[in-house]
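Written out below as structure tokens is the structure these notes cover.
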Amino acid sequence: MQDSRFTVPGMRCAGCIAKIERGLEQVDGVEAARVNFSAKRVAVRHGETLGEQDLIDAIAQIGFEAQPVADNPLATDDREQKALLRALAVAGFGMMNIMLLSVSVWSGAGGVTRELFHWLSALIALPVIAYSGRPFFSSAAMALRHRRTNMDVPISIGVLLATALSVHETIIGGPHAYFDSAVMLLFFLLAGRALDATMRNKTREGIGALLSRMGKSARVLDECGGSRTVAAEDLEPGMLMLVAAGDALAADGTIEEGDTALDNSMLTGESAPQPVATGDLVHAGAVNLGNPVRVRVTAASSDTALARIARMMDEAGQSRSQYVRIADRASRLYAPAVHTLALLAFAGWMIAGAGWHQSLIIAIAVLIITCPCAMGLAVPAAQVVASGALAKRGLLVKDGSALERLAEVDVALFDKTGTLTLGEPVPDLDHLTARQASIALALARTSRHPLSKGIAKHLETQGVRPTDVSEMREESGKGLTASFGGVPVAFVRPEGTVAGIATRLTIGEEQVDITFHDAIRADAGDAIRALAELGVQASVLSGDRAAPVEEVANSLGLEWRAGLLPGEKLSLLEDIKAAGHRPLMVGDGINDGPALAAAHASIAPGTASDVSQQAADAVFLGKALMPVALAVRVARKTMQIVRQNFALAVIYNVLAVPLALAGLATPLIAAVAMSLSSLIVVGNSLRLARAAG
Amino acid sequence: MTGLAFLIPIALGLGLLGLAAFFWAMRKGQFEDLDGAAQRILIDDEEDGE
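As you go down the protein sequences, you meet chains A and B in turn.
Note that my numbering has the first sequence beginning at 1, numbered continuously upward.
Note that my numbering has the second sequence beginning at 694, numbered continuously upward.
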């Protein structure tokens, strides 16, 4: 028995879950199949006799496209989220039980009862703080070791001092113990962290499911004529790959046998397919549009043109890791201010002659009161709500830092092929008669050829019904032939060279050409205008030839640059950044990768190459371009709410700190102030839920 | 006062029970596929009602 996992991006409803699970369980050798709908995955437990390919075929029979996934690559992120959830649960348990005891103390329990309750609180609080506080303590320790400070430093100091003071008060039988404040603080902050982690995980699952769609392996032919699947990184120069129509090349090589057209749009931005024949050099990442070809590998894994781009991306991404998030910027101001204030309170009361014990209690009360409860929630609460609202509109934001950078962009640079345009060949079918259309559909829907699939999809959406054709035969390189009531019908390659891609439908003596073009996204104009309203000037950076770029750019009224190599796109972006702008890069190709990594913020469409999706801050799904403009608008709105949240936290401190300084802050006041300010911040953040509407 | 000797351990015990139940649910993967759980109630039972 072994387990295999597949990603099935096509499942959308309860029916799909049932169909896949029941369909797979009927396959011989499959013991169990379980769908994870959130991750769009299916885990199959099956016997040794079944291979991955058999299961993919079985899923295809059920009607879904599947790709094998390597062992859960998200396990580590998952672990972090689970650890946070466990810490949150423990903190919640501790908070409720301590509060139960604290309420009795506040209501006037005195003497032995109060002491007993304080001891019980200590008994609960100490292990809870030791367990739930770890995420903060370890992060604070890490920051201090690097001689920096972050939000976790004042949090850790506050929690630890409050606990120490409370233990001391408990031992000497004092009236005030702050166990409830310390645990409540941890609970609220952990809630913020857990939300943040959940948001990141959800996006990564979504993007992970998309990522695995591109070919990461190749069919390799061996000497005896058999073939096996080899992962891209295990390919070696000299191997012979069989590249079927619709497959992406996994390594650089020369064509040994066959001629076809390659879609290089991912690699170079070039929209017109490149005809290649025996002896031509081809690059990893290109997609075979035509006939199956045999390719002799000349360079694999780290030597490919693809890998060189990946290295360029790594270097370009360095600047982004230096970005300082708003919470850390705030804590750089906040932590010294709070600690100075506590110190001043201690010194002030000492000078006033209050004695070191009382002065210390007041200083610690100041720390507890100012502990950044609302501050810690201010950023994650707003970002979680915003990214949830954006996800509903088809935009997956990778993390909070991405939202912060998206809010700051002032120029937008678009790639053409696959970004402003849909990047898939759309057939022009309007000149077909009804009879021709129904024959075309009958032919096209049986083929897995990308052009046939495009024709079938468009005719089906137009409501065309296929006729009955018989004797269907697909000959690679020649076309598709069949018989329609005795009349021979076929899809053949047109003779001579036609501009762009085309196919010819023949019905007996009748001939009609179907051409394909790459359509501009329907709402591209609206999206560009929406960006302009936000003060973001857009322009086009493309690796394609000048003529098609100019056509698209002019129809949208944009500035353009064409024929750019990946390195040139990167240096253009560096120039824009050096001029003081903060560019937003939107692109899908592998050639956009370095630019996506270098830009201040970047967005890739869901159809983009793996590297682009990994480099981008956000991924938008579907055919609309509007999510790009929406992302900038919602990101700005989010930052506005975050700043409001900070202002609310400051107002709360202005009100509460004088009480603490005057020595009037009892545990009851601390608890009420803390929960009230947190609730206000969360409530304010919830207003973002409607921001993307 | 004697009442407290019973009530406090009971309160704590119930809380711990809830915490243990949450940990168990998390370990068993009850929160792995929240969207899927929402969809699954719409799936009709098998006809042979297994």
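Here a beta-carbon is modelled for each residue, glycine too, at the ideal position from N, C-alpha and C.
Bear in mind the structure is a predicted one, so any value in this text is a computation, not a measurement.
- prompt: Does the beta-carbon of A/Ala546 have 16 or more other beta-carbons within 10 angstroms, so that it is buried, or is it exposed?
  reply: By the neighbour-count rule (16 or more Cβ atoms within 10 Å), A/Ala546 is not buried but exposed.
field: Against chain A: residues of the segment 701-715 of chain B by CB proximity under 8 angstroms
entry: Here the close residues are Ile701, Ala704, Leu705, Gly708, Leu709, Gly711, Leu712, Phe715.
message: Buried or exposed, going by whether 16 or more other CB atoms sit within 10 Å of the CB of A/Met1?
response: With fewer than 16 other Cβ atoms within 10 Å, it is exposed.
task: Going by CA-CA distance only, name the one from A/Val287, A/Ala670, A/Gln436, A/Glu460 that's closest to A/Leu242.
output: Cα-wise, what sits closest to A/Leu242 is A/Val287.
At least three beta-carbon pairs within less than 8 angstroms, the segment 218-232 of chain A to the segment 404-412 of chain A: Touching, no.
message: Let me confirm a value: A/Leu281 is counted as buried when at least 16 other C-beta atoms fall within 10 Å, else exposed. Which label applies?
response: Counting every other CB atom within 10 Å of its CB across the protein chains shown gives A/Leu281 a total below 16, marking it as exposed.
message: Assess contact between the segment 639-650 of chain A and the segment 677-691 of chain A, defined as three or more Cβ pairs (one per stretch) separated by less than 8 angstroms. Is contact present?
response: Output reads yes: the segment 677-691 of chain A touches the segment 639-650 of chain A.
field: Entirely enclosed beta strand (DSSP E) segments - the segment 222-304 of chain A, minimum 3 residues
entry: Entirely contained in the segment 222-304 of chain A, the beta strand (DSSP E) runs reaching 3 residues are, in chain order, 227-231, 240-243, 252-257, 260-263, 274-276, 293-299.
- prompt: Should B/Phe699 be labelled buried (16 or more other beta-carbon atoms within 10 Å of its own) or exposed?
  reply: It is exposed - the Cβ of B/Phe699 has fewer than 16 other Cβ atoms within 10 Å.
query: Where are the beta strand (DSSP E) runs, 3 residues long or more, that stay fully inside the segment 399-438 of chain A, in chain order?
result: Runs of the beta strand (DSSP E) inside the segment 399-438 of chain A: 411-414, 421-427.
- request: Indicate whether A/Ser217 and A/Ala194 have their beta-carbon atoms separated by less than 8 angstroms.
  value: No.
- prompt: What is the rounded straight-line gap between the Cα of A/Ser138 and the Cα of A/Gly108?
  reply: Rounded to whole angstroms, A/Ser138 to A/Gly108 spans 38 angstroms at the Cα level.
- prompt: Interface residues of chain B around A/Met266 at Cβ under 8 angstroms?
  reply: Close to A/Met266, with beta-carbon spacing below 8 angstroms, lies no residue of chain B; the smallest spacing is near 30 angstroms.
message: Which same chain residues end up closer than 7 angstroms to A/Phe620 when comparing Cβ atoms and leaving out the 5 residues on each side of it in sequence?
response: Cβ-Cβ distances below 7 angstroms link A/Phe620 to Gly394, Leu395, Ile603, Pro605, Gly606, Pro627, Val628 in the same chain, with the five nearest sequence neighbours on each side left out; the list follows chain order.
message: Just to make sure I have the definition right: I need the residues of chain B whose C-beta is within less than 9 angstroms of the C-beta of A/Met96. Which are they?
response: Neighbours of A/Met96 across chain B, judged by C-beta separation under 9 angstroms: Gly708.
field: Collapsed DSSP secondary structure at A/Thr494 in the structure displayed
entry: The displayed chain sequence assigns Pro, not Thr, to residue 494 of chain A. Taken through DSSP and simplified to helix, strand or coil, A/Pro494 comes out as coil.
field: According to DSSP, residues forming a beta bridge with A/Trp560
entry: Note: A/Trp560 sits in a beta bridge opposite A/Val540.
message: Quick check on the burial criterion: 16 or more other C-beta atoms within 10 angstroms. Buried or exposed for A/Leu688?
response: It is buried - the Cβ of A/Leu688 has at least 16 other Cβ atoms within 10 Å.
query: Since A/Pro566 and A/Pro548 are thought to touch, with beta carbons under 8 angstroms apart, how far apart are those beta carbons, to the nearest angstrom?
result: With a Cβ gap of about 19 angstroms, A/Pro566 and A/Pro548 do not count as contacting.
query: Which class does A/Ile520 belong to by DSSP, given the choice of helix, strand or coil?
result: A/Ile520 sits in a strand when the DSSP states are folded into three classes.
Contacts of A/Phe93 in chain B (Cβ-Cβ under 8 angstroms): Against chain B, the beta carbon of A/Phe93 has neighbours under 8 angstroms at Gly708, Leu709, Gly711, Leu712, listed in chain order.
message: Please tell me whether B/Gly729 has its Cβ less than 8 angstroms away from any Cβ of chain A.
response: By this cut-off, B/Gly729 is an interface position.
message: Is there a C-beta anywhere in chain A that falls below 8 angstroms from the one on B/Gln732?
response: Judged by the 8 angstroms Cβ criterion, B/Gln732 is in contact with chain A.
- prompt: Which residue comes first and which comes last in the beta strand (DSSP E) that contains A/Met585?
  reply: Element bounds for A/Met585: 583-586.
query: Per DSSP, what kind of secondary structure is A/Gly594 in: helix, strand or coil?
result: At residue 594 of chain A the sequence reads Pro, which differs from the Gly that was named. DSSP places A/Pro594 in the helix class (H, G or I) of the three-state scheme.
query: To which residues does DSSP link A/Arg34 through a beta bridge?
result: Note: A/Arg34 sits in a beta bridge opposite A/Ala43.
message: Which residue marks the beginning of the alpha helix (DSSP H) containing A/Thr446, and which one marks its end?
response: According to the DSSP assignment, A/Thr446 belongs to no alpha helix (DSSP H), since it is labelled neither H nor E.
- prompt: Span of the beta strand (DSSP E) holding A/Ser483?
  reply: A/Ser483 -> beta strand (DSSP E) spans 479-484.
message: Please identify the residue among A/Ala631, A/Ser685, A/Ala389, A/Phe93 whose C-alpha is closest to the C-alpha of A/Pro127.
response: Ranking the options by Cα distance to A/Pro127, first place goes to A/Phe93.
- request: Please go through the same chain and pick out, in chain order, the residues whose beta-carbon is closer than 7 angstroms to the beta-carbon of A/Ile669, but skip the five residues on each side of it.
  value: Closer than 7 angstroms at Cβ, skipping near neighbours: Leu659.
task: Assess, as a yes-or-no matter, whether the segment 242-260 of chain A is touched by the segment 576-587 of chain A under the definition of 3 or more beta carbon pairs within less than 8 angstroms.
output: At 8 angstroms Cβ cutoff, the stretches do not touch.
- request: With DSSP collapsed to three states, give me the class of A/Gln511.
  value: DSSP, read as helix, strand or coil, puts A/Gln511 in strand.
- request: Could you have a look at A/Phe620 and say whether DSSP puts it in helix, strand or coil?
  value: If DSSP states are grouped into helix, strand and coil, A/Phe620 belongs with the strands.
message: For A/Phe37, would you say it is in contact with chain E, using Cβ-to-Cβ distances shorter than 8 angstroms as the test?
response: No chain E is present in this structure, whose protein chains are A and B.
C-beta atoms of A/Asn97 and B/Leu705 nearer than 8 angstroms: It is a contact, given that the beta carbons lie within the stated cut-off.
A/Thr421 beta carbon less than 8 angstroms from that of A/Arg308: Taking the C-beta atoms as reference points, A/Thr421 is found no nearer than 8 angstroms to A/Arg308.
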